[in-house]
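Engineer: Residue numbers (my numbering): 126 to 268. Glycine included, C-beta positions come from ideal geometry on N, C-alpha and C. Just dropping this structure here.
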C-alpha cells in the first residue's frame, strides 16, 4: 500500500503534534498512514494549506521541548558523561530549531533584523562626512 501524498489538515496537525512532543520528522512520518519525509518537506516548500507556518511553529515548540528535557536529564541521569552528551545534543538541536531563543547570542548581535546586514547611519557617509562627524564628536569630548 502506498503512502498518502495529498495534504490534509488532519495529517498536517498529527505530524506537527508529534514534532512538538519531541519526535523527529522521520519518526513522525513512519507512522502508518502518513506521508514520507520528502512529501512533508514538499508541503512545507509549497506551503500547502498554510503548512509552512504550522511546521515552523511546531519546530519552535520542539526546541522548547528539548531545552526543558535537558533539565530532566540533568536531574535524573546517573552517568554524568552520558548526561552531558545527551544535554549537549539537545542544546545544539534546540539552537538550530529556534535560533532567536536558543541560538548563540553572538549570531543575533552581529546581524540586523531577521539575520540581514547591520544598517548603520554612518555606512552611507563619504570619507569627508565621516571625518567631519568624528571631529565634531571629538570636540564634544574636550571640556
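Do residue 215 and residue 193 have their CB atoms nearer than 7 Å?
Structural biologist: By 1-based counting over the chain shown, the position of residue 215 is 90. By 1-based counting over the chain shown, the position of residue 193 is 68. No, the pair does not count as a contact, with Cβ atoms beyond the cut-off.
Engineer: Among 200, 207 and 127, which has the Cα closest to the Cα of residue 156?
Structural biologist: Taking the chain shown and counting its residues from 1, the one referred to as residue 156 is at position 31. Of 200, 207 and 127, the residue nearest in Cα terms is 127.
Engineer: What span of residues does the alpha helix (DSSP H) with residue 148 cover, start to end?
Structural biologist: For the purposes of this step, residue 148 is taken as residue 23 along the chain shown, with counting starting at 1. No alpha helix (DSSP H) contains residue 148, which DSSP labels as neither H nor E.
Engineer: Classify residue 191: buried if its beta carbon has 16 or more other beta carbons within 10 angstroms, exposed otherwise.
Structural biologist: Reading the chain shown from its first residue, position 66 is the one you call residue 191. By the 10 Å Cβ count, residue 191 comes out buried.
Engineer: For residue 184 and residue 223, what's the separation of their Cα atoms in angstroms?
Structural biologist: Counting from one through the chain shown, the residue named residue 184 turns up at place 59. Counting from one through the chain shown, the residue named residue 223 turns up at place 98. Between residue 184 and residue 223, the C-alpha separation is close to 7 Å.
Engineer: How would you call residue 205, buried or exposed, if buried means at least 16 neighbouring beta carbons within 10 angstroms?
Structural biologist: On the chain shown, position 80 is the one that residue 205 refers to. Residue 205 should be labelled exposed.
Engineer: Could you check which residue in 130, 207 and 178 has the C-alpha nearest to that of residue 163?
Structural biologist: Taking the chain shown and counting its residues from 1, one reaches residue 163 at position 38. When each option's Cα is compared against that of residue 163, the closest is 130.
Engineer: Start and end of the alpha helix (DSSP H) containing residue 200?
Structural biologist: To locate residue 200, count along the chain shown from 1; it is residue 75. It spans 176–201 - the alpha helix (DSSP H) in which residue 200 sits, taken as one unbroken run.
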